[in-house]
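Heads up: the structure comes next, in structure tokens.
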Amino acid sequence: MSTRTNPTEPQRNNQKKKSRYRKRQEHKRRKNQARIEQEVKWEEHEICPIKDVLTKLQQSSQTDLAPLKSLEGRYFKLWSTDHVKYCTVEVAPTQYIEFYDPKFRTCDMLPKGQVSGHIYAASDAMCYIDPFVHPQNAGLETVRIDGNNKRHTFDAQFLDDNYLILHIPKDLVFYKQKMKPPSKAPDVFTYYGVCSAYYESLIRAKERREEQTDRRRSASPA
40 MSTRTNPTEP
50 QRNNQKKKSR
60 YRKRQEHKRR
70 KNQARIEQEV
80 KWEEHEICPI
90 KDVLTKLQQS
100 SQTDLAPLKS
110 LEGRYFKLWS
120 TDHVKYCTVE
130 VAPTQYIEFY
140 DPKFRTCDML
150 PKGQVSGHIY
160 AASDAMCYID
170 PFVHPQNAGL
180 ETVRIDGNNK
190 RHTFDAQFLD
200 DNYLILHIPK
210 DLVFYKQKMK
220 PPSKAPDVFT
230 YYGVCSAYYE
240 SLIRAKERRE
250 EQTDRRRSAS
260 PA
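Sequence positions in the sequence shown follow this note's numbering and run 40 to 261.
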């Protein structure tokens with residue numbers, strides 16, 4: 040017949056510490072999950088207009104495509120739910136792709152028609168873009184682009200002058216991150232881009248509309 044012994048005081052204290060630790064970890068996990076869910080919603084909100092353009096292109100005949108404006112000196116904000124879900128947590132997350140202006144790169148002039156740049160994500164330059172020739176017309180065409188001196192490649196679609204989509208392999212996404220890719224991370228991450236100047240013009244237009252609405256309300260008789 041076995042005799043059950045009561046835990047000693049140190050054992051009870053140790054059990055309490057473990058219990059408090061588990062509770063803190065669970066609280067941290069839930070808080071982090073709530074943060075991710077909130078950020079995913081924000082990313083989806085920003086991505087929505089780009090997906091609308093993509094859908095319209097997919098439903099069009101693709102026979103009368105507009106010429107694509109030069110990428111030189113242009114900067115595109117990037118949004119990605121994949122990045123939010125699986126990449127390093129950042130205090131001030133910023134993702135963008137910048138195409139260099141040749142006026143400021145006199146030391147390494149490129150042949151006419153070629154452009155280079157870099158992709159910034161996870162607090163570092165994820166990829167330095169090797170010189171490439173972008174398509175003449177906007178649309179669904181997928182362009183394979185080399186990066187980091189041909190060490191990596193990724194695909195890009197230039198939907199129109201203001202929107203683009205990047206399909207970046209997982210190994211490139213985590214190339215400079217201080218963590219291994221989570222097991223559930225997709226093989227290819229999708230980033231949706233909007234021209235920064237265009238994005239800011241939309242914000243200013245929205246603010247003007249809101250100001251006009253407020254003025255009309257304040258001018259209306261009670």
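C-beta: ideal position from N, C-alpha, C; glycine also. Everything numeric in this text was worked out from a predicted model, so none of it was measured.
Which listed residue (the options) has its alpha carbon closest to that of residue i
i      : options                           : result
Val154 : Gly178, Pro141, Arg69 and Tyr214  : Pro141
Ile204 : Pro150, Lys116, Leu104 and Thr252 : Lys116
Lys223 : Phe197, Arg113 and Lys124         : Lys124
Ser235 : Glu137, Asp169, Pro88 and His122  : Glu137
Val92  : Asp199, Pro220 and Asn52          : Asp199
Met165 : Lys95, Asn176, Ser99 and Tyr230   : Tyr230
Phe228 : Ala244, Tyr238, Pro170 and Trp118 : Trp118
Ile168 : Asn187, Pro150, Ala160 and Pro174 : Asn187
Tyr159 : Tyr202, Gly152, Leu211 and Gln175 : Leu211
Thr102 : Pro225, Ala177, Gly156 and Arg243 : Ala177
Where the beta strand (DSSP E) through residue i begins and ends
i      : result
Ser317 : The shown model of the chain, from 40 to 261, leaves out residue 317, and the question about it has no answer.
Glu137 : Tyr135 to Phe138
Buried versus exposed call for residue i [16 or more other C-beta atoms within 10 Å across all chains shown]
i      : result
Leu241 : exposed
His191 : buried
Thr181 : exposed
Ser109 : exposed
Val172 : exposed
Arg263 : A query on residue 263 cannot be resolved here, the shown segment of the chain reaching from 40 to 261 and no further.
Phe143 : exposed
Where the alpha helix (DSSP H) through residue i begins and ends
i     : result
Tyr22 : Residue 22 lies beyond the stretch modelled for the chain, which goes from 40 to 261, so this question has no answer here.
Cross-strand partners of residue i (DSSP beta bridge)
i      : result
Pro22  : The question about residue 22 has no answer here: the residues shown for the chain are numbered 40 through 261.
His191 : Gly186
Asp31  : The question about residue 31 has no answer, for the chain in this structure spans 40 to 261.
Ile168 : Gly156 and Gly186
Heavy atom of the ligand GTP within 7 Å of residue i beta-carbon
i      : result
Thr229 : Annotation note on the ligand GTP: not contained in the displayed structure, which lists no ligands.
Check: What are the complete alpha helix (DSSP H) segments, minimum 4 residues, inside the segment 184-254?
Finding: 209-212
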